[in-house]
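**Q** Dumping the structure here so I can ask a few things about it.
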Amino acid sequence: MATSSDQVERLLALVPYLQSHPRAEVSLTAKAFGVTPRQLLADLHVLWFCGLPGGLPDDLIEIDMDAVESDGTITLSNAPYLARPMRFTPGEAVSLVVALRAMKEVVTGPLADAVDSALAKLSSAAAATPGPEVGVQVNSGAADVREALTAAIDAGERVRLDYAPASRTEPDEPLVDPSVIVLVDGFAYLQGWALARKAWRTYRLDRIHAVERAGQRVDDHGAPPAFDAAWLDARPNVVTATLDVTSDAAWIAEYYPVVRSLAIRGGQRVTLKVADLEWLQALLLRLGPGIKRVHPPELGVPAARAATSALRLYGASPRG
Amino acid sequence: MSARKSERVLNLAICLLMTKRYLTREQIRETIEGYHGLTDGAFERTFERDKDDLRSMGVPIETGSNDAFFDDELGYRIRRADFELPPVDFSRGEITALGLASKLWEQASLAEQAVSAVAKLRAAGFELDAVPLAGLALSVGAREPAFETVWNAALTRTRVTFDYRGLRRVVEPWHLTYRNGAWYLQGLDASRDAPRVFKLARFESTPELDGKPGAYQVPDGVDPGMVMRWIDPAGPDAEASLAIRGGRAPELRRRGYPSPSAPGVPPGFEAWVVPYSTGGDFVGEIARFADDVLVLGPDDLRTALIRHLEAVAR
């Protein structure tokens, strides 16, 4: 939203920016401030009328408008009183602090050290009234796993993972060409090419217990698919399941990528995309009486069979 | 009109920044061209609005008088030391970290805040390259519809009101916590006069700001650990005796230890002792492994699991 306040706030940063970047390019400057070149030109036209009180030509900020029009560069002068930007507002400082704290839980090595020292220095640049304390905790597994994966990605080396899969039939020591460490919705994942499946897979870092270098270079598989909320949609064989859950099990709507969730009597009707039927089976087994109805019903059959087979175990074993 | 206003507000900021003495309203009115030609009433309204605008951007406008002994008229000024980014020296590595951090936010208004913070760093002469690091794709989000209002309430120390678990709440926000992708608010539930933790995804109404900013103080020594204790059930307080099919359920085995002498272990299974929390969902956790895990004891866990499995088998 382009309000006058947004513009003044930007101008207070633009004036020192242009003084510390002589002959700044219009397009680069616009990009640095997240506005269009057209908006930036409008900003310059406002600055043209600003300066020290008095209104004499010498009092005003000078901008070489000819240079702006002829070669797309900005030269601003006669504003020594706005040589430095404003302090961070509490909101700006906290937005960076939260992002840095999230990074700190994922990155390793020199970058992790830089994150720490940036956090320490940031507090001195913040506004006089500090923002609220914001705690950040992401699920990113063990530090040694992250370090080993980062090193393997940097070196382009194949790894063997000791992995606890979400479903029971996946191999638990997959051979993987690691590509990217992704943090999304508070969980960190490794995105890599699974050699056994000849496909891109994601592995939750907290389920990786150890990383072993396989002593081979990774192959070129191109860029992995974008990993975001729409990621499941891009995978083949995705089915849509609708689960009626009790309020005790309604948390699944907050945990998994849900297409739709609406309140029904005594609980929630949750529609989700399922790429892996084994995963759905594990979810249904886990939720047990929390599930009131599965639609389409055949999606519930494997879990029911597995439960029956487990119950048989109790029929056969003597009570301890 | 908006350009005229920007011009007037920026000139006001520069004027207040350049003065050592407090300037009275009348002096300001004479000095700033944008206030010329306004009636008394229009000037008062416009000046009040401009001043509020600058303050909402974080510009620290001081109010005071030049003479402490006379009942002088109040005036205004901006102290440079409060206004300017203090000298701060970020290393190249730190600048890289800040540049990456500024791109983490998926939530639009926080992303904007991060961009404007980074614009200030650029204005201070730091070169931030927009080169993403290979091998990293990080994001922080806030999908909860309640987030923006709660964030602003915490930032400005404004009370916020919303429905939660069937009750109307008036809350003084103290801390926010982002944990495993979900946002939590810790604060004083003024309707109960007790500290509480609320999960933003469980708000039952759209939160609304209630009253003025700066309405309360966050008490010293608030325990941020309260959020974690509230979210995470207590640690293990019981031990289960399980028979686990050979090589299966590695998560359970990692948490426990083998107990070779346990009776009642079917062929192909091994006995393990696994600690668990009775307040948690251990039954659901074991049920996930279906016929790879058999509960040998205690009896109440075994009975609970059988009931749980019967519900799935139906």
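Going line by line, the protein sequences match chains A and B.
So in the numbering used here, the last spot in the first sequence is 320, and the numbers never skip.
So in the numbering used here, the last spot in the second sequence is 314, and the numbers never skip.
For every residue, glycine included, the Cβ atom is placed at its ideal position computed from N, Cα and C.
As the structure is a computational prediction, the values presented were derived from the model and not from experiment.
Based on DSSP bridge pairs, tell me the residues matched to P173 of chain B.
**A** As a first step, residue 173 of chain B must be located in the second sequence, where it is residue number 173. BP columns for P173 of chain B point to B:G187.
**Q** Given a cut-off of 7 angstroms, decide if G91 of chain A and Q113 of chain B are closer than it, judged by their beta-carbon atoms.
**A** Taking the first residue of the second sequence as 1, we reach residue 113 of chain B at position 113. Taking the first residue of the first sequence as 1, we reach residue 91 of chain A at position 91. Cβ atoms of Q113 of chain B and G91 of chain A: closer than 7 angstroms.
**Q** Enumerate, from N- to C-terminal direction, the unbroken alpha helix (DSSP H) stretches of 4 or more residues contained entirely within the region 3-44 of chain B.
**A** Counting only runs of 4 or more, we get 25-31.
**Q** Kindly examine the ligand NAD and report whether one of its heavy atoms sits closer than 6 angstroms to the Cβ of Y184 of chain B.
**A** Questions concerning the ligand NAD fall outside what the structure shown contains, since it holds no ligand whatsoever.
**Q** Helix, strand or coil for V364 of chain A per DSSP?
**A** Within the shown structure, residues of chain A are numbered from 1 to 320, placing residue 364 of chain A beyond reach of any answer.
**Q** Over the uninterrupted alpha helix (DSSP H) stretch that includes L104 of chain B, give me the two end residues.
**A** As a first step, residue 104 of chain B must be located in the second sequence, where it is residue number 104. No alpha helix (DSSP H) contains L104 of chain B, which DSSP labels as neither H nor E.
**Q** Taking P297 of chain A as the reference, give the member of A:D43, A:L122, A:D244, A:I252 with the closest Cα.
**A** The residue given as residue 297 of chain A occupies position 297 in the first sequence. Checking every option, the nearest Cα to that of P297 of chain A belongs to A:D244.
**Q** List the residues of chain A whose Cβ lies closer than 9 angstroms to the Cβ of R55 of chain B, in chain order.
**A** As a working mapping, residue 55 of chain B is identified with position 55 in the second sequence. Neighbours of R55 of chain B on chain A: none; closest Cβ ~11 angstroms, over 9 angstroms.
**Q** Does the beta carbon of R168 of chain B come closer than 7 angstroms to any beta carbon on chain A?
**A** On the second sequence, position 168 is the one that residue 168 of chain B refers to. R168 of chain B does not count as touching chain A.
**Q** In whole angstroms, what is the alpha-carbon distance linking R312 of chain A and K292 of chain A?
**A** Residue mapping note: residue 312 of chain A aligns to position 312 of the first sequence, counting from 1. Residue mapping note: residue 292 of chain A aligns to position 292 of the first sequence, counting from 1. If I take the Cα positions, the gap works out to 23 angstroms.
**Q** Which of helix, strand or coil does DSSP assign to A229 of chain A?
**A** Numbered from 1 along the first sequence, position 229 holds the residue referred to as residue 229 of chain A. Any reading at A229 of chain A must be qualified, since the residue scores a pLDDT of 45, below 50, and its modelled position is unreliable; the value itself is stated next. Three-state result, A229 of chain A: coil.
**Q** Out of A:R213, A:A32, A:L285, which one is the CA nearest neighbour of S116 of chain B?
**A** The count along the second sequence starts at 1 and reaches residue 116 of chain B at position 116. Minimum Cα distance to S116 of chain B is reached at A:A32.
**Q** For V270 of chain A, which residues does DSSP report across the bridge?
**A** Reading the first sequence from its first residue, position 270 is the one you call residue 270 of chain A. Partner(s): A:L243, A:S261.
**Q** Threshold first: 3 residues or longer. Then list the beta strand (DSSP E) segments lying entirely within the region 266-313 of chain A, N to C.
**A** Qualifying beta strand (DSSP E) stretches, in chain order: 267-274, 291-295.
**Q** What is the residue span of the alpha helix (DSSP H) that L40 of chain A lies within?
**A** In the first sequence, the residue the question calls residue 40 of chain A occupies position 40. Here the alpha helix (DSSP H) through L40 of chain A covers 37-47.
**Q** Any residues in the region 92-108 of chain A with a beta carbon nearer than 8 angstroms to a beta carbon of chain B? Which ones, in chain order?
**A** Listed by position along the chain: E92, A93, V94, S95, L96, V98, A99, L100, A102, M103, V106, V107.
**Q** Which one of B:P213, B:P250, B:M226 has the shortest CA to CA distance from A210 of chain A?
**A** The residue you call residue 210 of chain A lines up with position 210 of the first sequence. Closest by alpha carbon: B:P250.
**Q** Which chain A residues are close to F90 of chain B, counting only those with a beta carbon under 8 angstroms from its beta carbon?
**A** The sequence position of residue 90 of chain B within the second sequence is 90, counting from 1. Within 8 angstroms Cβ-Cβ: A118, K121.
**Q** Any residues in the region 172-194 of chain A with a beta carbon nearer than 9 angstroms to a beta carbon of chain B? Which ones, in chain order?
**A** Against chain B - using a Cβ distance shorter than 9 angstroms - the residues of the region 172-194 of chain A are D172, P178, S179, V180, I181, V182, L183, V184, D185, G186, F187, A188, Q191.
**Q** Answer with buried or exposed for I264 of chain A, where buried requires no fewer than 16 other C-beta atoms within 10 angstroms of its C-beta.
**A** The sequence position of residue 264 of chain A within the first sequence is 264, counting from 1. So I264 of chain A counts as exposed.
**Q** By how many angstroms is the C-alpha of A287 of chain B removed from the C-alpha of D300 of chain B?
**A** Within the second sequence, residue 300 of chain B is the residue found at index 300, counting from 1. Within the second sequence, residue 287 of chain B is the residue found at index 287, counting from 1. Each residue's alpha carbon lies about 15 angstroms from the other.
**Q** Could you tell me which uninterrupted beta strand (DSSP E) segments, each at least 3 residues in length, are contained entirely in the region 174-201 of chain A, listed from first to last along the chain?
**A** Complete beta strand (DSSP E) runs here, min 3: 175-184, 187-194.
**Q** Using the C-alpha atoms, what's the distance from L195 of chain A back to V182 of chain A?
**A** By one-based count along the first sequence, residue 182 of chain A stands at place 182. By one-based count along the first sequence, residue 195 of chain A stands at place 195. Looking at the two C-alpha atoms, the distance is approximately 20 angstroms.
**Q** Among A:L284, A:G135, A:S117, A:I74, whose alpha-carbon lies nearest the alpha-carbon of G181 of chain B?
**A** On the second sequence, position 181 is the one that residue 181 of chain B refers to. Here the closest residue by C-alpha is A:G135.
**Q** Can we say the region 192-206 of chain A touches the region 137-146 of chain A, given the rule of at least three CB pairs closer than 8 angstroms?
**A** At 8 angstroms Cβ cutoff, the stretches touch.
**Q** With three or more beta-carbon pairs closer than 8 angstroms as the criterion, would you say the region 74-90 of chain A touches the region 16-23 of chain A?
**A** The region 74-90 of chain A vs the region 16-23 of chain A: in contact.
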